[in-house]
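Per numbering that gives the first Met the number 0, the sequence shown starts with residue 0, numbered consecutively.
Cβ coordinates follow ideal geometry from the N, Cα and C atoms, glycine included.
Fair warning: this is a prediction, and the values are worked out from it, not measured in the lab.
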Amino acid sequence: MIYRRTISAALLGFAMIVGTSPTSTHAESLQIVRKGAERDLSVSMNRAIVVESDTPFAELSIANPAIADFSTLSDRTVYILGKSPGRTTLTLLDQNGRLITNVEVRVSADVSEFKERLRQILPNETIEVRTANDGIVLSGTVSSAPRMQRALDLAERYAPERVSNLMSVSGSQQVMLKVRFAEMQRSVSKSLSTSLAIDGISTAGLGVGVGTNGLASGSVVSSATPGTTASGDANNGAVFFGFNAGSTQIGVLLQALESKGVVRTLAEPNLTALSGQEAKFLAGGEYPVPVSQDGGEISVEFKTFGIELNFIPHVLDDNVINLELSAAVSSLDTANGLNTGAFIISAFRRRETATTVALRDGESFAVAGLLQDDFADANGQVPWLGDIPILGTLFRSANYQRSQTELVIIVTAHLVSPTRGEALALPTDRVKLPSEADLFLNGRVARNARPQKGAAGEVASQDFSGSYGYVMD
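Structure follows, in structure tokens:
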């Protein structure tokens, strides 16, 4: 009996020593099972547990040896090895064949190394790791979506295609994008031209006209009187001087014209989207365009125009926002349209940009800029006569045109979060519509209303360019 106990103790010690060696599977702990009480044991795959019974057993059996295997160290001690993920039952019987107890053995994937690597790569994230059958379940809260993806990629290395993601992202993950289109068009046009007309009054009638602006001398002289401005839209900025020398009428037409124009175009679309989701915005309309089909039939396709904005935000680490942006401003251009006889199709003026930028909350980027400067000049004169000193000015003309276009597109990104409904205000909250008595009897029209109290009243008292629906961090 003493010899048997000595051998059992030696085998137990050998198993413990072998189990703790760095190159082999080792027992994690010593578990004790009692007679008549069921026990659940958890074993990691490729690891082992030593189980000790308070009652000597004579026979052991396991339901599925592919999940877990065992070896006896004594009549009270069992060495259980986890082989593959799953659940099985270990049964202990005494010398008379009576049941001592059933032990539920659950073998799960070994995630201890994965937990250690996860703490090294993402030290400040509260990620909980659990096993489910032969897979890994991740839960908890992470600070950003890229960090979540890193944890999932690492888990795939330990359990390929068996990773369940129950993690959530904390912080603001909604991005409001403010886009400003600013375009200025400046044009300057100057011209100076002269025309000389001589009309001889006689029975045969004789008229001679010389000019550099393409005007017919007969019509100008006959329709204008000395000291007046010649009529006709083609003669804007023209002054006619005429005098009679006997039966001869002499007229000089001077045309000097200077025109300046400025066009300002401004659009400020605002749009909010969740990180990783696409958002679209269109303020404009659709223009019908006829399209010829087979058999001579005509179909209609609609082309959108107006202010367009499409973007996909990605919130990265340290509140860096990655933007995939596509923005455009278009309008109808009737001056360059197409007239087919049956249809008049307008052209489109379109300014657009598509780019990807990275910026932080509240920062701005000029994603597009254009400066166009067009210049044209022309000089004309009557041959030989235009070369005469001083008098040659009457036979020369000069004009030039210059147009400049400057376009800038600026984007600003903000991390935003929803707010309570009573804190929101609409632009219409500051306008009070008139009653019928005010309109017909007192002649009152819509007027500014007194802002209500609270946060909504504070917003309503501001101008119409405020932000509505979200609160910026």
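- In the displayed model, serine 111 falls within a helix according to three-state DSSP.
- Residue environment analysis places valine 178 among the buried positions, since at least 16 neighbouring C-beta atoms fall within 10 angstroms of its C-beta.
- When the beta-carbon positions are compared, asparagine 321 and leucine 315 come within less than 8 Å of each other.
- Judged by DSSP secondary structure, alanine 67 falls within the beta strand (DSSP E) whose first and last residues are 67–71.
- Within the region 36–94, the beta strand (DSSP E) runs of at least 3 residues that lie entirely inside it are, in chain order, 38–43, 47–52, 58–61, 67–71, 76–81, 85–92.
- Separation of the CB atoms of phenylalanine 347 and leucine 331 is rounded to 7 Å, and the pair is thereby assigned contact status at 8 Å.
- Using a Cβ-Cβ distance cut-off of 8 Å, the region 388–398 and the region 167–176 are not in contact, since fewer than three pairs of beta carbons, one from each stretch, lie closer than that value.
- In the structure shown, the three-state DSSP call for alanine 436 is helix.
- Annotation for valine 290: Ser298, Glu300 place their beta carbon closer than 6 Å to its own, counting only its chain and skipping 5 residues before and after.
- Ranking Ala278, Leu98, Thr87 by CA distance to the CA of alanine 57 puts Leu98 first.
- Separation of isoleucine 48 and leucine 358 (C-alpha to C-alpha, rounded to the nearest whole angstrom) is 54 Å.
- Residue environment for proline 55: exposed (fewer than 16 other C-beta atoms within 10 angstroms of its C-beta).
- About 18 Å separates the Cβ atoms of alanine 67 and valine 110, ruling out a contact at the 8 Å cut-off.
- If you look at aspartate 373, you'll find it in the beta strand (DSSP E) that goes 363–380.
- Contact annotation: the region 434–444 does not touch the region 403–421, with fewer than three C-beta pairs closer than 8 Å.
- Taking the Cβ atoms as the reference, methionine 44 lies roughly 6 Å from proline 84, within the contact range of under 8 Å.
- Sorting Gly391, Ser142, Asp74, Ala272 by C-alpha distance to the C-alpha of leucine 176 places Ala272 at the top.
- Rounded to the nearest whole angstrom, the CA to CA distance from threonine 90 to asparagine 132 is 22 Å.
- Assigned with DSSP and collapsed to three states, glutamine 119 falls in helix.
- Nearest in C-alpha terms to valine 415, of all of Gly361, Gln380, Leu72, Glu405, is Gly361.
- Minimum Cα-Cα distance from glutamate 277 among the listed residues Thr303, Gly294, Leu324, Lys302 corresponds to Leu324.
- A Cβ-Cβ contact shorter than 8 Å links serine 258 with serine 188.
- Here DSSP, grouped into helix, strand and coil, assigns leucine 390 to helix.
- By the 16-neighbour rule on beta-carbons within 10 angstroms, proline 312 is buried.
- If you look at aspartate 133, you'll find it isn't in any beta strand (DSSP E); DSSP assigns it neither H nor E.
- A Cβ-Cβ separation of about 4 Å places alanine 196 in contact with glycine 250 under the 8 Å criterion.
- With distances taken between CA atoms, phenylalanine 113 lies nearest to Thr130 out of Arg349, Leu390, Thr130, Glu103.
- In this structure the region 380–397 does not lie against the region 150–159, because fewer than three pairs of beta carbons, one per stretch, are closer than 8 Å.
- Under DSSP, phenylalanine 301 forms a beta bridge with Pro287.
- Using a Cβ-Cβ distance cut-off of 8 Å, the region 334–343 and the region 371–379 are not in contact, since fewer than three pairs of beta carbons, one from each stretch, lie closer than that value.
- Residue pairing by DSSP puts proline 312 in a beta bridge opposite Leu322.
- Between the C-alpha atoms of alanine 108 and aspartate 93 there is a straight-line separation of about 32 Å.
- Taking all protein chains in view, the Cβ of threonine 87 is crowded by 16 or more other Cβ atoms within 10 Å, so the residue is classified as buried.
- Bounds of the alpha helix (DSSP H) holding arginine 149 are 144–157.
- Counting other Cβ atoms within 10 Å of its Cβ, leucine 137 reaches 16 or more and is therefore classed as buried.
- Glutamine 119 is classed as exposed because its beta carbon has fewer than 16 other beta carbons within 10 Å across all chains shown.
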